[in-house]
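Under mature numbering (1 follows the signal peptide of the UniProt record, and there is no 0), the residues of the sequence shown are numbered -30 to -1, 1 to 212, in order.
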Amino acid sequence: MRSSKLKSKIIVGVLSASLVTSLLPSYSFAQTSYKKSKVAYEQGNDCNKCEPLSQESYNNLVSNFGEPVNVQDTDNGFKIGMEIAKSNLEEKAIITESGLIKNFYTSATEAGVSEEAFNSFESSIGQLNEMVHKGEISFGNSLFDINLPRTNLSTSINQLDIQSAATPRGSVYKFNNDQAIKLQKLIAGGATIAAIASYFGIPAIIAAGLSALAAGAGICNWNSRGFIFLYMGPGIFTCTPL
């Protein structure tokens, strides 16, 4: 298994409107606190005591964003994700002058992968190119050189504020402990957005946010009970432990 090639470049922006409506306790968008949280986590500074989501906070989250999507977990999905990660589909992908992604290969046979893996990769390319057109993501010289403009990332820190006036209704995804472990294995195996999206059957934008969090302070599976991932609009991601 090759070493991880993920080299996400996270450019932190400033929210344009006032932050209102606290939803979850102990979570924040402040990047300085985010970095402090990473240090505390790596040093084992009471991270096992990270407060899980309370029922009240969960109810508030559902009220604002809807019921979390229970992420699918299938052996076939994991097989496809790992097949993409172990192949050179992502490594060989071409970033055109306009910033769009183009598959280096024209067929599954040429790429040396299954039809299912090839088609899944093609689907991810289509989603990523839509994100490029919207200005939600861009790439450097490869799929491993990810840039999420105006990105705000957060993990377990002080307080999560939602830009309710300017942020559209978001998406909430629930990962159990086993899925969180598999996500970490995928990333360690060299998986990028396409492989992650293929395995979990999630949109490319969600996979991009997970990749960004994993490349920073890490996903929020600190209590070994899984985590909830929240996408609140372009460039705004957070996770909270269960």
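We put the beta carbon where it would ideally sit given N, CA and C, even for glycine. Because the structure is a prediction, the values reported are computed rather than measured.
If distances are taken between C-alpha atoms only, which option among the options comes closest to residue i?
i, options, result
"C190", "G203, A174, I175 and F207", "F207"
"E60", "G82, N30 and L212", "G82"
"N58", "H103, A87, F199 and N46", "A87"
"F91", "G51, S33 and E37", "G51"
"S68", "A184, G159 and I107", "I107"
"M101", "G203, P211 and N146", "G203"
"K49", "G188, S168 and F199", "S168"
"Q149", "N29, N34, T44 and S33", "T44"
"K104", "L118, I64 and G110", "L118"
Beta-carbon within less than 6 angstroms of residue i's beta-carbon, same chain only, minus the 5 sequence neighbours each way: which residues are those?
i, result
"L98", "I71 and A174"
"S141", "Y201"
"P211", "C20, P22, C190, W192, N193 and F197"
"G36", "none"
"V39", "Y143"
"F199", "Y143 and C209"
Let's test the definition: count the other Cβ atoms within 10 Å of the Cβ of residue i and tell me whether it reaches 16, buried, or not, exposed.
i, result
"S126", "Low local confidence applies: a pLDDT of 39 at S126 is under 50, so the model's placement there is unreliable, with the coordinate-based value given in what follows. So S126 ends up on the buried side."
"F74", "exposed"
"I166", "buried"
"T79", "exposed"
"Q25", "exposed"
"K152", "buried"
"L31", "buried"
"T66", "exposed"
"I157", "buried"
"S27", "buried"
"G96", "exposed"
Report all residues from its chain with a CB closer than 8 angstroms to the CB of residue i; omit the five preceding and five following residues, and keep chain order.
i, result
"I163", "S94, L98, L113, I116, A174, A177, A178 and S181"
"S77", "F88"
Tell me residue i's beta-bridge partners as DSSP assigns them.
i, result
"F109", "I116"
"V39", "Y143"
"L200", "V142 and T208"
"K72", "I64"
So, at 7 angstroms on beta carbons, what are the nonlocal neighbours of residue i in its own chain, with the 5 sequence-adjacent residues on each side left out?
i, result
"G171", "Q42 and G47"
"S84", "E53 and A78"
What whole-angstrom Cβ distance do residue i and residue j have, given they're in contact under 8 angstroms?
i, j, result
"G196", "K155", "In fact, because the Cβ distance is near 15 angstroms, the residues do not count as touching under 8 angstroms."
"A161", "A55", "4 angstroms"
Closer than 7 angstroms: is that where the CB of residue i sits relative to any heavy atom of the ligand SAM?
i, result
"S168", "With respect to the ligand SAM, the structure shown offers nothing to examine, as it has no ligands at all."
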